[in-house]
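Those protein sequences? They're chains A and B, same order as listed. Each residue of the first sequence is one higher than the one before, starting from 14 at the first, in our numbering. Each residue of the second sequence is one higher than the one before, starting from 14 at the first, in our numbering. Ideal Cβ positions, reconstructed from N, Cα and C, are used throughout, including at glycine.
2 protein chains.
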Amino acid sequence: MLDNTKVLLFERQAEIAKAVGHPLRIAVIDFLRDGEKCVCDIAEHIGSERSNVSRHLGVMVHAGVLICRKDGVKVFYSLRTPCVADFLSCVGRVLKHQAEENGKLLASL
Amino acid sequence: MLDNTKVLLFERQAEIAKAVGHPLRIAVIDFLRDGEKCVCDIAEHIGSERSNVSRHLGVMVHAGVLICRKDGVKVFYSLRTPCVADFLSCVGRVLKHQAEENGKLLASL
DNA sequence: TTACTATGTGAGTATATTATCACATAGTCA
DNA sequence: TGACTATGTGATAATATACTCACATAGTAA
């Protein structure tokens with residue numbers, strides 16, 4: 014059975030994975046790879062309402078995936094740690110593995 | 014702006030991250046690190062209803078995180094690729110980074 | 001066959017997440 | 001000061017997700 018420490022760990026891990034588990038949020042993370050960006054730039058790049066983007070950013074800050082910095086009237090968001098990008102690369106590797114298996118399947122037909 | 018290829022990629026990446034973004038499912042992935050397990054063993058280890066666990070397993074198979082193999086009356090689930098465990102390690106590193114920053118904060122008080 | 005076990009699934013309810021709109025706040029500049 | 005810009009947030013509705021119960025299915029073994 015699971016002990017309490019593990020349950021807490023799994024909950025925190027799930028919170029982070031969940032914060033990444035939305036197409037818009039992944040697009041934001043991808044966009045932030047080359048440095049911090051303000052909400053207006055992010056919203057324009059993503060092509061979604063500012064208020065919506067602002068909420069998604071809040072979710073990621075709360076989970077600890079992003080950090081933000083205020084500068085005048087603008088708020089700049091950036092990846093909290095490069096690990097987050099690694100994390101996405103890991104997902105990419107899972108996808109690649111899937112694609113390879115699909116390729117094998119196709120080749121065998 | 015985002016092109017269509019990227020949007021599709023982000024959607025697939027989000028599906029995988031979302032499939033991992035639940036405490037029970039992370040507990041399953043952790044449990045499967047040392048090899049395939051049947052639903053009944055997983056349910057007992059997790060401490061949740063079989064039907065519920067079965068649904069969560071279905072979500073992960075659908076997303077491509079797990080694979081299953083039928084043997085007699087039992088169905089054995091396992092990680093589709095070791096990348097999935099790496100993926101969790103990445104999340105762990107994000108958490109570690111957070112803990113370190115919290116430590117620094119505490120130390121400065 | 002019958003009884004049993006392991007698994008999956010439909011239906012229903014409870015809860016969570018998302019997107020949108022309108023508005024509030026805070027900083028900037030004339 | 002007033003007009004403007006960037007951002008965040010309350011309220012709402014639409015949708016998705018999670019959990020439970022009851023039942024169906026399929027394999028096993030007497």
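Residue(s) in a DSSP beta bridge with residue i
| i | result |
| --- | --- |
| Val-88 (chain A) | A:Lys-83 |
| Lys-50 (chain B) | B:Tyr-90 |
Whole-Å CB distance - residue i paired with residue j, under 8 Å assumed
| i | j | result |
| --- | --- | --- |
| Cys-51 (chain B) | Val-88 (chain B) | 6 Å |
| Ile-80 (chain B) | Ser-67 (chain B) | Wrong, their Cβ atoms sit about 15 Å apart, outside the cutoff. |
| Met-14 (chain A) | His-58 (chain B) | 7 Å |
| Ser-64 (chain A) | Leu-37 (chain A) | Not really, about 13 Å apart at Cβ, beyond 8 Å. |
| Asp-99 (chain A) | Cys-103 (chain B) | 5 Å |
| Glu-49 (chain A) | Arg-82 (chain A) | 7 Å |
Residue i and residue j closer than 9 Å at C-beta
| i | j | result |
| --- | --- | --- |
| Ser-108 (chain B) | Gln-26 (chain A) | A small fix is needed here, since residue 108 (chain B) is Leu in this sequence, not Ser. Taking 9 Å as the Cβ cut-off, Leu-108 (chain B) and Gln-26 (chain A) qualify as a contacting pair. |
| Ala-76 (chain A) | Ile-42 (chain A) | no |
| Val-97 (chain B) | Val-20 (chain B) | no |
| Lys-31 (chain B) | Lys-31 (chain A) | yes |
| Phe-23 (chain A) | Ala-40 (chain B) | yes |
| Arg-106 (chain A) | Thr-94 (chain B) | yes |
Residue range of the alpha helix (DSSP H) that includes residue i
| i | result |
| --- | --- |
| Val-33 (chain B) | 17-33 |
| Val-107 (chain B) | 96-120 |
| Leu-37 (chain A) | 36-44 |
| Val-74 (chain B) | 63-76 |
- prompt: Looking at chain A, which residues of the stretch 82-98 of chain B have a Cβ within less than 8 Å of any of its Cβ atoms?
  reply: Arg-93, Thr-94, Cys-96 and Val-97
Worksheet item: Of all the residues that make up the stretch 23-38 of chain B, which are near chain A by a beta-carbon distance shorter than 9 Å?
Response: Phe-23, Glu-24, Arg-25, Gln-26, Ala-27, Glu-28, Ile-29, Ala-30, Lys-31, Ala-32, Val-33, Gly-34, His-35, Pro-36, Leu-37 and Arg-38
Next item on the list: Name, going along the chain, the residues of the stretch 97-115 of chain A whose beta-carbon falls closer than 9 Å to a beta-carbon of chain B.
Entry: Val-97, Asp-99, Phe-100, Leu-101, Ser-102, Cys-103, Val-104, Gly-105, Arg-106, Val-107, Leu-108, Lys-109, His-110, Gln-111 and Glu-114
Near-chain B residues of the stretch 54-71 of chain A (beta-carbon distance less than 9 Å), N- to C-terminal order
Glu-57, His-58, Ile-59 and Gly-60
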